[in-house]
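For reference, the structure is listed below as structure tokens.
Protein chains: 2
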Amino acid sequence: MAPSSLRETVLRASVEFIAEHGADGLSFRQVAAAAGVSHQAPYHHFADRKAIFRAIALEGFTEFGEALRAASSAPDAPIALLEAYVEFALSHRGHFRVMFRRDLCDFDNDAELEAVADASFDVLLDCVRRELGERASIDDIRARATSMWSLAHGLSTLLIDGPLEDKIGPIKDRRALIHAVALQSLRS
Amino acid sequence: MAPSSLRETVLRASVEFIAEHGADGLSFRQVAAAAGVSHQAPYHHFADRKAIFRAIALEGFTEFGEALRAASSAPDAPIALLEAYVEFALSHRGHFRVMFRRDLCDFDNDAELEAVADASFDVLLDCVRRELGERASIDDIRARATSMWSLAHGLSTLLIDGPLEDKIGPIKDRRALIHAVALQSLRS
DNA sequence: ACCCACTACTTGACACTGTCAATGGCTCGG
DNA sequence: CCGAGCCATTGACAGTGTCAAGTAGTGGGT
């Protein structure tokens, strides 16, 4: 396999586990056992428990940024962006569940992680700037960006972890709902 | 003190801990030690670790519903509701961090918990129904409710756990930002 | 007065976890 | 050939949730 295949194995298994059972039940020793290695083997590739969450978040934000960037060049950028945001969250539960958990990985003392996270957010900010034009006030841009981000993030988390599905009835077509929400809230 | 004061002590200490350090670091034995009792004493009031999260979520949703209900009678209900939602999240971090974590407390096999959670959501649904009028289609109501809920929930989680504060600059006045977002997104 | 049941709590033990430490084997450059 | 480097192993430790059994204190019924 590729260099340091155990690292990759552990990473994949962890992401998958988190997608299914959440981040907190993740056990170093269990993934080690599942990979057929000793309980200390993963430790050689990840300094500690936090390190693996950092790696997942880093990978997540990288792909996240790419997905958002691809959507931001669509004709109706704000709507495409929101849909891409939610789409990513649903198709990358394992990553998404970690990316926004400050207690699992702290951005504050991690320039690289902060950089990729910022890059993702910059896509959104650029989109808002283009939408509102050159002479929009900084406060307007800030409010608009916060609205869009909140909407996308809230919808994502409610769909993944929240009771949304139960409360508003079965979601036959998630895409339709997401699109309706986008149209409803982002109409200019 | 009131009957079963230890239960209350443990509950308060847990909520406070979660508000500061998140739900995952919470240790039964630590709160027991802090309360000056043996490591098994709390076990008498909460069957297991999940039980305490359930209790926190129950308490949280109860107060949450009251806060929303109070706001829903305001003149501009949708905006007041969103502000109340975020306000609750910020002033009840400990509860809020637990209430929407399905892995910590599952609503599915818990009628009582589900009931209070539903009651909170019903306030929102009623508000949307009043806003859109009698002859609004079920899909419109659903989309509108989902939008409002997503916006409120996303803003709350981003303010509490997320990197929002860092990204859009220091938030001098949270209320102003929240109000701006509400106006911007919920204008009819 | 006695006993009995019940509640609130304690102590002791177990398996499991993350983590530190020391050890063992492998490959590769000199 | 051999030492240095990485990769992985085994062993140990404290801390955690949880099961099991034991111990005050309290209150009611006969």
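Protein sequences appear in the order of chains W and E.
For the first sequence, counting from 1, position 26 maps to 26 in our numbering; every step adds exactly one.
Count along the second sequence from 1, then add 1000; that gives the number in our numbering.
Quick reminder that beta carbons are idealized off the backbone N, C-alpha and C, glycines included.
What you are looking at is a predicted structure, and each value in this text was computed from that prediction instead of being measured.
Assigned with DSSP and collapsed to three states, E/C1127 falls in helix. The residue among W/A41, W/E66, W/Y43, W/L159 with its C-alpha nearest the C-alpha of W/A89 is W/L159. Beta-carbon to beta-carbon, W/P163 and E/F1107 are separated by about 6 Å, close enough to satisfy the 8 Å threshold. The residues S1014, F1017, I1018, in chain order, have a CB closer than 7 Å to that of E/L1026 in the same chain once the five nearest residues on each side in sequence are set aside. Pairing E/R1097 with E/G1022 gives a Cβ-Cβ distance under 8 Å.
If you draw a straight line from the Cα of W/Y43 to the Cα of W/A35, it is about 13 Å long. A contact is defined here as three or more CB-CB pairs under 8 Å, and the segment 1139-1157 of chain E meets this definition with respect to the segment 141-151 of chain W. Looking at the backbone, the Cα of W/A136 and that of E/P1170 are separated by about 19 Å.
Taking each of W/R93, W/I138, W/T9, W/I79 in turn and checking the Cα distance to W/V37, the smallest one comes out for W/T9.
Looking at the backbone, the Cα of E/E1020 and that of W/I52 are separated by about 23 Å.
When rounded, the separation of the alpha-carbon atoms in E/R1102 and W/D161 is 6 Å. From the beta-carbon of E/D1139, the residues of chain W found nearer than 8 Å are A180. Using a Cβ-Cβ cut-off of 8 Å, E/A1143 counts as an interface residue toward chain W, since at least one Cβ of chain W sits closer than that to its own. Taking the Cα positions, E/C1127 is about 17 Å away from W/V181. Contacts with chain E at 8 Å (Cβ-Cβ) include W/K167. When DSSP states are grouped into helix, strand and coil, W/P42 belongs to the helix group.
When the alpha-carbon of W/D118 is set against those of W/F100, W/K172, W/R130, the nearest one is in W/F100. Secondary structure of E/H1153 (DSSP, three-state): helix. Counting only residues of its own chain and dropping the five nearest sequence neighbours on each side, W/H95 has a CB closer than 7 Å to the CB of V15, I56, E59, G60.
Between W/I178 and E/R1142 a beta carbon distance of about 12 Å is seen, past the 8 Å cut, so the two are scored as non-contacting. Interface annotation for the segment 1010-1040 of chain E against chain W: H1021, G1022, A1023, D1024, G1025, criterion Cβ-Cβ distance under 9 Å. A distance below 8 Å separates the beta carbons of E/E1131 and E/P1078. Closest in alpha carbon position to W/R7, among W/R29, W/A41, W/A33, W/Q30, is W/A41.
Around E/S1091, the same chain offers no residue with a beta carbon nearer than 7 Å, after the five sequence neighbours per side are excluded. Contact between W/S72 and W/L81 is confirmed by a C-beta separation of about 6 Å, below the 8 Å threshold.
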